[in-house]
Structure formats: C-alpha cells, structure tokens
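Protein chains in written order, with the working numbering: chain A, 1 to 196; chain B, 1 to 292.
Encoded structure:
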C-alpha cells in the first residue's frame with residue numbers, strides 16, 4: 001500500500017522505510033540518469049542531427065549509470081511496506097537493461113523496441129514516485145517558476161517523551177532528492193540514528 | 001492587415017512569488033502574483049500554442065502544497081475560452097524544457113512540436129555531470145524527453161538548430177543560447193507578414209518574467225535587468241532582451257512575458273468564471289474578440 005506524504009510529513013514513517021528511502025535514492029537516481037542517456041541516444045538516432053555535446057557516449061553513459069546501481073538494487077533490504085515500490089523500481093531496471101541491450105544491437109533499426117523500453121522505464125519510475133515519498137523524476141528545488149518556497153528536508157525534533165527523531169518534513173517531488181545533496185542525506189542519517 | 005490573433009491564457013498562478021526571482025536584484029522587495037500561462041495563436045489555417053503548461057496529474061498536488069500554485073485548470077478548459085480544443089492545435093513552439101512549459105506535450109494529439117536542439121542536447125549533457133550539478137537540471141522532467149522520443153519517431157517533434165525564419169508564414173524562431181536555459185527559444189510573429197514588419201510581437205518564454213526586465217524599477221532611470229535565474233549568463237539574457245526589444249521597434253510592451261501579471265491590465269482582457277484571465281494581444285482580420 002502506498003505510503004502517503006502526510007505519513008512522511010508527520011514523522012510516522014517506520015524506521016525500516018526511512019532506511020529504505022535513503023538506500024533507494026541513489027538507485028533511483030541511477031535509473032533516472034540511465035533513462036535520460038538512453039532517451040538522448042534515441043533522439044539522436046531519430047533526428048539524425050548528431051549530438052554536439054556527448055558524441056556517441058550516451059549508451060555507454062547509460063550502461064555505466066546502470067552498472068553503478070545494479071548491485072545495490074539486488075541487495076537492498078525491502079520492508080513489507082515498500083514491496084510495491086520495489087516492484088516498480090525493478091520494472092524500471094529491467095526496462096532500462098533491455099533498452100541498453102537494444103541500443104547496442106542492430107536488430108532494432110526503427111527504434112521500436114528501444115522506445116518501448118524507454119516508455120516502460122518511465123512508467124515504472126513515475127509509478128515508484130507515486131507509491132513512496134522520497135524520490136522524484138524532476139527536481140523542483142531550484143526551479144524558477146516554483147521557486148517560491150524555502151525548503152527543509154529534515155528537522156530533528158523531540159517527541160513528547162523527549163526522544164529525538166528524524167522528521168521528514170518535505171517528501172514531495174521537489175525534495176524527493178534523487179540527487180539530494182550530501183548534507184541533507186547526512187542530516188537524515190543522523191536524525192535516524194538518534195531515533196535508534 | 002493582421003494574420004494572427006494572439007491571446008495569453010492563464011492556467012494557474014502563484015500568488016506569493018518572490019520578486020527577486022522575476023527580477024535580479026531586489027532581494028527584499030516582497031512578492032508578486034505570478035501567473036502560469038501559455039500563448040494561443042490562430043491564423044493562416046493554424047492553431048498554435050507557445051508552450052503547453054504542466055502535467056497536473058503528476059505534480060499538481062505537490063506544487064499546490066509546497067509552492068502555493070493555485071487555481072490550476074486543464075488545457076481543454078482553458079482553450080475553450082477561445083473556442084479551441086486541444087485536438088485543434090496544429091503547432092506548439094516549446095520555448096524551453098521546464099516542466100511548466102513542456103509538461104503537457106501529450107495533451108495535443110495532432111500537434112507538431114518545435115524545440116531547440118541545443119535545449120535537448122545540453123540538458124542530457126548536464127545530467128551526465130552528477131548530483132552536485134543538480135541546479136543545472138532543475139525543473140526538467142525526464143518524462144518529457146521520453147515523450148519527445150515518441151513524437152520524434154512519429155515525425156511530430158521538430159528539433160530546430162538555431163534561428164529559423166518563416167517556420168510558419170510570418171513566424172520566426174530564435175535561439176537564445178545559454179540564457180535562462182541552454183537552448184531557450186523565443187518566437188517572433190510578424191503579423192503583417194512583412195520582412196521588416198511594423199506589427200511584430202515576440203513571445204518571450206521565460207527570457208523575461210516581467211516588463212520590469214526591460215526597464216528596471218526606476219521609471220526615471222530605465223535599464224535592462226535580467227531575470228533572477230539562469231543556467232547560462234546574465235549577459236546573454238541582457239543581450240537577448242535588447243535584441244527582442246529592438247525587433248519590435250523599441251516598444252517593449254510587444255515583447256510578451258507570459259508570467260507578467262500586468263498583462264491583464266495592459267491589454268484587453270476578461271476574467272473567466274474560474275478566475276483565470278484571457279488577455280487579447282491582437283486580432284487577425286475577421287476574428288471576433290474573445291474578451292468583449
């Protein structure tokens with residue numbers, strides 16, 4: 001069952017889920033980057049205009065991004081509340097792996113299979129974002145037209161009995177920090193460690 | 001003679017937007033209303049949009065909750081104020097790849113889309129730089145690139161490499177490289193069709209947020225002031241602003257910043273039952289007003 005942003009915001013996310021969120025962020029980010037690289041490659045192929053900035057390294061970049069996270073994806077501990085999320089993450093990984101293979105082959109001259117893989121990966125990543133706070137496909141924290149708010153990701157607070165715990169205040173897409181800065185990630189880890 | 005009718009259509013707004021983002025410098029000068037809008041043009045047998053709005057299904061609640069984006073209405077409802085359906089749209093010019101300008105690609109099933117090659121290329125490039133450069137890719141949605149791949153495959157995504165004159169009769173596209181984004185684009189409408197037009201309009205995307213970008217805040221000492229956010233350079237933004245104003249003969253009110261709240265008082269307009277605004281910049285010959 002999806003975990004709501006409200007549950008995250010009031011600090012009621014179970015600790016295993018918080019740990020899971022931390023662990024999957026770099027994985028989600030790797031999948032997202034691989035998706036971008038492959039999409040850029042597909043655009044280059046379809047528009048036949050060449051790629052001025054990256055040359056032909058896009059598929060290799062996708063492969064490297066995927067390789068960085070594939071071990072983590074296999075080994076991550078998945079709490080019961082996050083199994084649905086992981087289903088989508090693995091779905092995205094399968095699609096991206098297929099997309100990389102397809103992009104490197106000569107059996108897809110029209111790009112149909114590659115496009116299918118891209119759309120599948122995109123579908124799964126978006127679905128993953130919806131069923132668990134903490135990740136996003138689009139970073140709005142520094143965006144212009146939505147740049148009207150100050151942001152706090154983690155604010156260690158005291159519970160009525162005086163124990164400190166990490167409270168995730170903003171787990172909406174803007175700070176679903178797939179590329180969350182290390183300081184925020186460290187603060188989150190610290191907050192969780194205080195809780196434990 | 002005017003070939004195209006042009007309207008600016010609100011579809012949402014941020015009521016309390018920091019002025020310092022709209023206009024570099026005034027860090028403590030408070031807030032403004034910031035409409036989210038796109039431009040509709042009709043003429044020469046074409047129904048044209050400049051930008052598409054965003055994917056409310058995916059980001060609406062978040063934007064509302066955290067950034068105070070309010071009063072979102074879908075394109076079908078907004079366009080109906082001018083008697084247009086999304087299916088009628090034949091051409092969309094994407095000024096840049098941010099979510100609130102490109103996020104509605106799939107709402108227009110019969111449209112061809114035009115975007116600068118540099119905008120797509122360098123966004124993909126920026127994503128190769130790693131998390132510490134996340135600033136460079138803010139507000140861009142990978143889903144839009146996947147959609148762009150599909151539309152390119154269908155022959156509906158036209159990647160433009162630099163300036164292009166007469167992409168449609170009397171309509172020119174201009175690359176504004178390394179400004180607000182890497183490959184921002186503005187659209188010039190020469191509404192009399194003349195090469196040296198006396199009736200030009202420029203749809204500026206986010207190269208300007210407000211008319212104050214062309215004048216500053218001191219009415220006795222006018223100068224160009226860039227917007228508050230660029231991945232390129234402020235110099236490039238200023239030179240682009242100067243070029244746009246020059247192209248309309250110095251009448252900066254013909255350079256349209258869609259996020260400018262004062263458009264509704266500077267041009268004929270009306271408020272819809274939803275509390276949005278239809279701003280009528282100009283009418284083609286024979287086109288009835290949508291605001292009277």
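All C-beta atoms in this analysis are idealised placements derived from N, C-alpha and C, irrespective of residue type, glycine included.
Just confirm the distance between the C-beta atoms of residue i and residue j, as a whole number of angstroms; I'd bet it's less than 8 angstroms.
i: residue 126(A); j: residue 58(B); result: 7 angstroms
i: residue 105(B); j: residue 52(B); result: 6 angstroms
i: residue 174(B); j: residue 214(B); result: No, residue 174(B) and residue 214(B) are not in contact; Cβ-Cβ is about 17 angstroms, not under 8 angstroms.
i: residue 78(B); j: residue 136(B); result: 31 angstroms between Cβ atoms; not a contact.
i: residue 22(A); j: residue 89(A); result: That belief does not hold up - the Cβ atoms of residue 22(A) and residue 89(A) are roughly 14 angstroms apart, past 8 angstroms.
i: residue 149(B); j: residue 58(A); result: Rounded, the Cβ-Cβ distance is 12 angstroms, inconsistent with contact.
i: residue 96(A); j: residue 34(A); result: 5 angstroms
i: residue 200(A); j: residue 142(B); result: Since the first residue of chain A shown is 1 and the last is 196, residue 200(A) is not available in this structure.
i: residue 146(B); j: residue 118(A); result: 5 angstroms
i: residue 284(B); j: residue 30(B); result: Contact flag wrong, Cβ pair sits at about 39 angstroms.
Are the C-beta of residue i and some C-beta of chain A separated by less than 9 angstroms?
i: residue 142(B); result: yes
i: residue 131(B); result: yes
i: residue 112(B); result: no
i: residue 117(B); result: yes
i: residue 99(B); result: yes
i: residue 58(B); result: yes
i: residue 124(B); result: yes
i: residue 296(B); result: With chain B running from 1 to 292 in the structure shown, residue 296(B) is simply not present.
i: residue 51(B); result: no
i: residue 276(B); result: no
i: residue 40(B); result: no
i: residue 120(B); result: yes
i: residue 105(B); result: no
i: residue 283(B); result: no
i: residue 9(B); result: no
i: residue 238(B); result: no
i: residue 23(B); result: no
i: residue 127(B); result: yes
Apart from the five residues just before and just after residue i, which ones in its own chain have a Cβ nearer than 7 angstroms to its Cβ?
i: residue 27(B); result: 20
i: residue 266(B); result: 253
i: residue 116(B); result: 160, 175, 183 and 185
i: residue 108(A); result: 102 and 114
i: residue 222(B); result: 215 and 216
i: residue 82(A); result: 17, 20 and 132
i: residue 176(A); result: Unreliable positioning characterises residue 176(A) in this predicted model, as indicated by a pLDDT of 35, which lies under 50. The coordinate reading is nonetheless provided below. The answer, listed in chain order, is 129, 133, 134, 135 and 136.
Among residues of its own chain, excluding the 5 on either side of residue i, which ones have a beta-carbon nearer than 8 angstroms to its beta-carbon?
i: residue 70(B); result: 12, 13, 14, 15 and 64
i: residue 200(B); result: 188, 189, 190, 191, 247, 248, 249 and 254
i: residue 275(B); result: 71
i: residue 81(B); result: 9, 272, 276, 278 and 290
Establish whether the CB of residue i and some CB of chain B are separated by less than 9 angstroms.
i: residue 28(A); result: no
i: residue 17(A); result: no
i: residue 21(A); result: no
i: residue 199(A); result: Because chain A here runs from 1 to 196, residue 199(A) falls outside it and cannot be looked at.
i: residue 43(A); result: yes
i: residue 72(A); result: no
i: residue 167(A); result: Interpretation of residue 167(A) is limited by its pLDDT of 34, a score under 50 that renders its predicted location unreliable; the figure taken from the coordinates is listed afterwards. With 9 angstroms as the cut-off, residue 167(A) does not count as an interface residue toward chain B.
i: residue 138(A); result: yes
i: residue 47(A); result: yes
i: residue 13(A); result: no
i: residue 239(A); result: Residue 239(A) lies beyond the range of chain A shown here (1 to 196); nothing can be said about it.
Identify, in the order they occur along the chain, each residue of the same chain with its Cβ nearer than 6 angstroms to the Cβ of residue i, setting aside the five sequence neighbours on each side.
i: residue 41(B); result: 4, 6 and 48
i: residue 25(B); result: none
i: residue 209(B); result: 22, 227, 257 and 259
i: residue 97(B); result: 119, 123 and 140
i: residue 264(B); result: 277 and 279
i: residue 91(A); result: 124
i: residue 239(B); result: none
i: residue 63(A); result: 100
Please list, in chain order, the chain E residues whose beta carbon lies closer than 9 angstroms to that of residue i.
i: residue 115(A); result: No chain E is part of this structure, whose protein chains are labelled A and B.
Near-chain A residues of the stretch 140 to 171 of chain B - C-beta to any C-beta below 7 angstroms:
For chain A, the residues of the stretch 140 to 171 of chain B that bring a beta carbon within less than 7 angstroms of one of its beta carbons are 140, 141, 142, 143, 145, 146, 148, 149, 150, 152, 153, 159 and 161, in chain order.
In chain order, which alpha helix (DSSP H) runs of at least 4 residues are fully inside the stretch 234 to 258 of chain B?
DSSP runs (the alpha helix (DSSP H)) wholly in the stretch 234 to 258 of chain B: 234 to 247.
Beta carbons nearer than 8 angstroms to chain B: which residues of the stretch 30 to 41 of chain A have them?
Going along the stretch 30 to 41 of chain A in chain order, one finds 32, 33, 35, 36, 37, 39 and 40 with a Cβ nearer than 8 angstroms to chain B.
Along the stretch 195 to 227 of chain B, where does the CB come closer than 9 angstroms to a CB of chain A? Name the residues.
Within the stretch 195 to 227 of chain B, the qualifying residues are 206, 209 and 227.
What residues in the stretch 118 to 131 of chain A bring their beta carbon closer than 7 angstroms to a beta carbon of chain B?
Listed by position, the residues of the stretch 118 to 131 of chain A near chain B (Cβ gap below 7 angstroms) are 118, 119, 122 and 126.
Unbroken alpha helix (DSSP H) runs of length 4 or more, entirely within the stretch 102 to 158 of chain B: which are they?
Runs found: 117 to 127 and 142 to 153.
Cβ-based contacts, 9 angstroms cut-off: residues of the stretch 95 to 112 of chain A near chain B:
The residues in question are 110, 111 and 112.
Please give me, in chain order, every unbroken run of the alpha helix (DSSP H) with length at least 4 that falls completely inside the stretch 76 to 122 of chain A.
List check, alpha helix (DSSP H) in window: 83 to 104.
If we require 3 or more residues per run, which beta strand (DSSP E) segments fall completely within the stretch 170 to 199 of chain B?
Counting whole runs of 3 or more residues, the stretch 170 to 199 of chain B contains the beta strand (DSSP E) stretches 171 to 177 and 183 to 190.
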